[in-house]
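For what it's worth, my numbering labels the leading residue of the sequence shown as 72, then goes sequentially.
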Amino acid sequence: MSGLLPDDQIAVLRKQGFVVARQFVDADRVAALRALAERHLREHVAPIEYEADLRYPGAPESRAAEGGLTVRRLLSAYARDPLFAHWATDPGIAQWLARYFGEPAVLSTVHHNCVMTKHPAYGSLTGWHQDIRYWSFSDTDLVSCWLALGPEKRENGGLSLIPGSHAAAFAPDQFDDQKFFRDDAPQNADWIAQAVCPELEAGDVVFFHCRTLHAAQGNRSDRVKLSVVHTYHPQSCHALPGTRSASQPGVPLAMPVDESA
Ligand SMILES: O=C(O)CCC(=O)C(=O)O
């Protein structure tokens with residue numbers, strides 16, 4: 072998938088529900104984002120979601136237990152530091168998404184909008200799910216952008232995704248009561264068997280649809296894995312009033328100025 076032109080990347084996103092855009096971000100910027108994220112982790116800069124808050128498999132029992140202050144997500148990335156804000160609203164992202172949506176994109180500051188971490192010890196695994204499960208928008212065509220700040224693969228908890236799942240009409244009984252796609256249901260086995268775990272290098276980006284089934288294992292390496300994740304919707308789509316999705320305003324992405332015009 073490396074080296075595809077944006078229009079070809081967009082065609083892949085439409086077809087399989089995700090696409091890897093190789094080396095979307097240069098090494099200096101990735102290093103600066105990683106250094107900032109590592110400092111916020113060391114200093115426990117709020118707001119933070121701890122593994123113990125979510126209690127996914129592998130997480131500590133409570134914040135008071137051993138490993139209880141293992142961070143899962145540095146929340147509110149956009150408001151955390153101008154470096155994160157500039158990345159979230161990057162003109163390259165704005166242009167890419169406007170091509171996909173056919174109209175300008177808006178950053179949701181409610182969903183994802185975080186540095187996702189995965190620690191070797193106490194980092195939890197995440198079961199199969201569609202991100203849209205808890206989101207409330209007038210449309211279901213939302214796209215997340217996952218920027219790898221270091222290598223990602225199955226062994227360190229890299230993202231696995233199921234091609235084509237964004238376009239499938241699943242029945243309610245294929246999900247459990249927390250809306251995880253059941254890995255013990257025979258009718259789900261063929262889907263799960265098709266999962267792929269793209270290996271990422273620092274600076275690679277995965278664009279994925281909010282209905283694409285994805286999951287991740289724990290981190291069996293000796294280094295914390297860090298990724299910056301944001302979600303976007305087209306400007307004609309809006310969060311439904313009164314829902315959590317509408318609890319904070321979105322940020323419209325400005326399009327780059329065309330200097331040839
Ligand atoms: O890194 C992981 O465990 C996956 C995270 C994820 O899929 C999510 O938070 O929606």
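We put the CB at the ideal spot given by N, CA and C, even for glycine.
### Message
Is the beta carbon of A123 closer than 8 Å to that of A117?
### Response
Against a cut-off of 8 Å, the Cβ pair of A123 and A117 comes out as no contact.
### Query
To the nearest angstrom, how far is it from the Cα of A103 to the Cα of A256?
Taking the straight line from one Cα to the other gives about 44 Å.
### Query
So F208 is in the alpha helix (DSSP H); what residue range does that whole segment cover?
Bounds of any alpha helix (DSSP H) do not take in F208, whose DSSP letter is neither H nor E.
### Message
Which residue marks the beginning of the beta strand (DSSP E) containing F279, and which one marks its end?
### Response
Here the beta strand (DSSP E) through F279 covers V276 to H280.
### Message
Give me, in chain order, the residues of the same chain whose beta-carbon lies closer than 6 Å to that of D210; leave out the 5 immediate sequence neighbours on both sides.
### Response
So the list reads C308, once near-sequence residues are dropped.
### Task
Could you tell me the boundaries of the beta strand (DSSP E) in which V90 lies?
First-last of the beta strand (DSSP E) with V90: F89 to A92.
### Task
Less than 8 Å between the CB atoms is what I'm expecting for Q245 and Q258, so what's the real figure, rounded?
Contact flag correct, Cβ pair sits at about 6 Å.
#### Entry: Sufficient close CB pairs (3 or more, under 8 Å) joining the region 275-290 to the region 73-91
With a cut-off of 8 Å, the region 73-91 and the region 275-290 count as touching, because enough Cβ pairs lie within range.
### Query
What residues are listed by DSSP as bridge partners for T180?
Answer is none; T180 lacks a bridge partner.
### Query
Any heavy atom of ligand 1 closer than 7 Å to the CB of R230?
Just to set this straight, residue 230 is Leu in the shown sequence, not Arg. Yes, since a heavy atom of ligand 1 falls inside the 7 Å radius drawn around the Cβ of L230.
### Message
Taking 7 Å as the cut-off, is the C-beta of A192 nearer than that to any heavy atom in ligand 1?
### Response
No - ligand 1 has no heavy atom lying nearer than 7 Å to the Cβ of A192.
### Query
When burial is assigned at 16 or more other CB atoms within 10 Å of the CB, is Q265 buried or exposed?
Around the CB of Q265, fewer than 16 other CB atoms lie within 10 Å, so the residue is classed as exposed.
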